[in-house]
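21 is the number that UniProt numbering gives to position 21 of the sequence shown; each next residue is one higher, with no gaps.
Have a look at the structure below, then the notes.
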Amino acid sequence: MKKIFFLALIAISLILPIKNYAQEGQTYLDVKIGKSYGENEVVSIVSTKNIYLVDADYNKVLDLNTSSVDVTLKEGKIELKGQSQTHSTDFPQDGSMLLATDGYLKLKNEYRGYISFRVVENKLLVINSLELEDYLKGVVPRELSPSYPIEALKAQAICSRSFALKNINKYEKYGYNLDDTTNCQAYEGKTIENEKTNQAVDETKGIYALYNGKIANTIYGASSGGVTANADDVWSGDAVEYLKTLEDPYSNNYTWEHKLSVEEVNKAIKSASHEIGDFLNFNIKEIDSSGRIKTIELIGTENTVAVTGNNFRNIFGNMKLKSTLFNITIEDDQVIFKGKGFGHGVGMSQLGAVEMAKTGKTANDIISFYFPGVILNK
Numbered sequence: 001m002k003k004i005f006f007l008a009l010i011a012i013s014l015i016l017p018i019k020n021y022a023q024e025g026q027t028y029l030d031v032k033i034g035k036s037y038g039e040n041e042v043v044s045i046v047s048t049k050n051i052y053l054v055d056a057d058y059n060k061v062l063d064l065n066t067s068s069v070d071v072t073l074k075e076g077k078i079e080l081k082g083q084s085q086t087h088s089t090d091f092p093q094d095g096s097m098l099l100a101t102d103g104y105l106k107l108k109n110e111y112r113g114y115i116s117f118r119v120v121e122n123k124l125l126v127i128n129s130l131e132l133e134d135y136l137k138g139v140v141p142r143e144l145s146p147s148y149p150i151e152a153l154k155a156q157a158i159c160s161r162s163f164a165l166k167n168i169n170k171y172e173k174y175g176y177n178l179d180d181t182t183n184c185q186a187y188e189g190k191t192i193e194n195e196k197t198n199q200a201v202d203e204t205k206g207i208y209a210l211y212n213g214k215i216a217n218t219i220y221g222a223s224s225g226g227v228t229a230n231a232d233d234v235w236s237g238d239a240v241e242y243l244k245t246l247e248d249p250y251s252n253n254y255t256w257e258h259k260l261s262v263e264e265v266n267k268a269i270k271s272a273s274h275e276i277g278d279f280l281n282f283n284i285k286e287i288d289s290s291g292r293i294k295t296i297e298l299i300g301t302e303n304t305v306a307v308t309g310n311n312f313r314n315i316f317g318n319m320k321l322k323s324t325l326f327n328i329t330i331e332d333d334q335v336i337f338k339g340k341g342f343g344h345g346v347g348m349s350q351l352g353a354v355e356m357a358k359t360g361k362t363a364n365d366i367i368s369f370y371f372p373g374v375i376l377n378k
């Protein structure tokens with residue numbers, strides 16, 4: 001089997017994990033995509049065109065003469081194998097060499113830009129390196145349906161752009177910027193792109209939110225339930241002036257209900273390792289300024305345990321208890337949760353943005369409403 005050790009053929013320059021304005025003032029991101037792969041797990045990457053290698057400045061250095069490669073972590077080293085040959089048994093782990101193609105690179109989804117790799121805690125991470133605006137085209141339709149009004153989609157694009165820039169160093173210590181989950185923003189690459197959401201990204205190109213001259217952390221969620229939450233009530237940290245509780249008439253129609261038997265409640269509490277004996281009742285101990293539950297007690301025959309509202313949602317499922325803005329009633333053998341909103345409630349309500357757009361409000365109007373005092377950079 002022929003082996004090409006390209007590390008001996010070319011000088012490799014170390015790529016910094018943050019590649020802002022790498023080309024012509026553009027902002028490039030390194031986004032972790034998919035799961036982390038263990039030893040000997042194969043990552044298959046294909047394209048409709050030949051795959052080649054580029055260096056840290058995206059200059060072509062070697063054509064692999066193949067349209068598919070398998071990448072594997074073996075004994076702490078990255079092996080890159082084409083259709084008929086092994087191209088490297090020690091591929092760079094620092095992002096200083098990337099896979100490229102004149103088409104799109106495909107794993108589970110298709111991706112614009114480039115693919116590189118990191119090894120963290122003996123796991124292989126796959127990194128999509130691409131320009132910020134291209135990244136947003138794979139975010140906006142995942143975060144908000146293309147069927148919604150264009151001004152709502154433009155507001156989403158501005159929020160997503162600002163959020164990405166504000167949180168660009170989130171995973172710097174691991175050698176990348178963001179991941180593709182809702183820990184950052186949901187991202188599905190070229191596969192999910194849509195003409196209308198691409199339009200929203202293009203029409204807001206380069207526009208982001210500022211507060212007192214600094215990029216604003218434009219957090220968003222599905223529905224506020226009629227009132228947004230203080231960021232410092234939901235997460236630890238200092239108060240953020242533009243992420244304060246406000247009445248939201250555009251997002252007050254989202255309601256939900258979830259019913260559980262006492263037996264199901266007991267099972268969920270025990271699965272969460274809370275030792276209270278048999279369940280007796282709940283006691284809402286503390287609510288925040290928006291009416292959301294901050295602390296709630298689990299009362300049992302043997303013990304009473306206090307948990308946060310967010311932890312309470314985790315016990316019974318975030319998709320079942322859709323927010324911490326709810327009340328509880330117990331009728332016979334049934335526990336009934338009735339609530340409003342979906343998600344943490346901080347910042348822009350996406351469904352509220354949709355309703356605002358339907359009334360003729362612009363993206364600027366939407367951003368100004370949900371983030372008081374924030375301005376757009378242009």
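Virtual Cβ for every residue (Gly too), placed ideally from N, Cα, C.
Determine, using beta carbons only, whether residue i and residue j come nearer to each other than 8 angstroms.
| i | j | result |
| --- | --- | --- |
| T324 | N310 | yes |
| L243 | I219 | yes |
| S223 | G343 | yes |
| V374 | I366 | no |
| T197 | L165 | no |
| S273 | T245 | no |
| F316 | A357 | no |
| K32 | Y171 | yes |
| L376 | A239 | no |
| G347 | G237 | no |
Using alpha carbons as the reference points, say which of the options lies closest to residue i.
| i | options | result |
| --- | --- | --- |
| D248 | D180, A239, N283 and G226 | G226 |
| Y187 | L132, D90 and A357 | L132 |
| V140 | V31, G34, G189 and M319 | G189 |
| E264 | Y58, E195, F279 and V305 | F279 |
| D333 | K259, N109, G345 and A231 | K259 |
| K123 | V201, G34, K205 and Y52 | G34 |
| T255 | K322, N303 and K340 | K340 |
Can you tell me which residues form a DSSP beta bridge with residue i?
| i | result |
| --- | --- |
| K294 | Looking at the DSSP assignment, K294 forms no beta bridge with any residue, so it has no partner. |
| E260 | Note that residue 260 corresponds to Leu in the displayed sequence, not to Glu. Looking at the DSSP assignment, L260 forms a beta bridge with V335. |
| G221 | S349 |
| K32 | I127 and D179 |
| K340 | T255 |
| D238 | For D238, which the question treats as bridged, DSSP gives no partner whatsoever. |
| I45 | V69 |
| I215 | L210 |
| A231 | Partner(s): none; A231 has no beta bridge. |
| D55 | M97 |
| request: Check whether the region 39-58 touches the region 101-112, counting contact only when three or more Cβ pairs, one atom from each stretch, lie closer than 8 angstroms. | output: In this structure the region 39-58 lies against the region 101-112, because at least three pairs of beta carbons, one per stretch, are closer than 8 angstroms.
| said: For the region 203-216 against the region 172-191, do three or more pairs of beta-carbon atoms, one drawn from each stretch, fall closer than 8 angstroms, so that the two count as touching? | reply: The region 203-216 vs the region 172-191: no contact.
| field | Inter-stretch contact (C-beta, 8 angstroms, three-pair minimum) for the region 29-46 and the region 70-80 | value | At 8 angstroms Cβ cutoff, the stretches touch.
| field | contact_flag[the region 172-181, the region 117-130] where n(CB pairs < 8 angstroms) is 3 or more | value | The region 172-181 vs the region 117-130: in contact.
| Entirely enclosed beta strand (DSSP E) segments - the region 263-334, minimum 3 residues | List check, beta strand (DSSP E) in window: 279-287, 293-300, 304-308 and 326-331.
| field | Those runs of the beta strand (DSSP E) which lie wholly inside the region 146-213 and span at least 3 residues | value | The beta strand (DSSP E) runs lying completely inside the region 146-213 and spanning 3 residues or more are 209-211, given in chain order.
| Which full runs of the alpha helix (DSSP H) of 4+ residues lie inside the region 67-143, going along the chain? | Qualifying alpha helix (DSSP H) stretches, in chain order: 132-137 and 140-143.
| query | Are three or more beta carbon pairs between the region 79-92 and the region 61-70 nearer than 8 angstroms? | reply | Between the region 79-92 and the region 61-70 there are three or more inter-stretch CB-CB distances shorter than 8 angstroms, so the stretches are counted as touching.
| said: When you compare the region 143-163 with the region 348-355, are there three or more beta-carbon pairs, one atom per stretch, that lie closer than 8 angstroms? | reply: A contact exists between the region 143-163 and the region 348-355.
| query | Is the region 111-122 in contact with the region 87-99, if contact means three or more CB pairs nearer than 8 angstroms? | reply | The region 111-122, when compared against the region 87-99, does touch it at the 8 angstroms Cβ threshold.
| request: Count the C-beta pairs between the region 320-334 and the region 281-295 that are closer than 8 angstroms, then say yes if the count reaches three, no if not. | output: Enough Cβ pairs lie closer than 8 angstroms, so yes.
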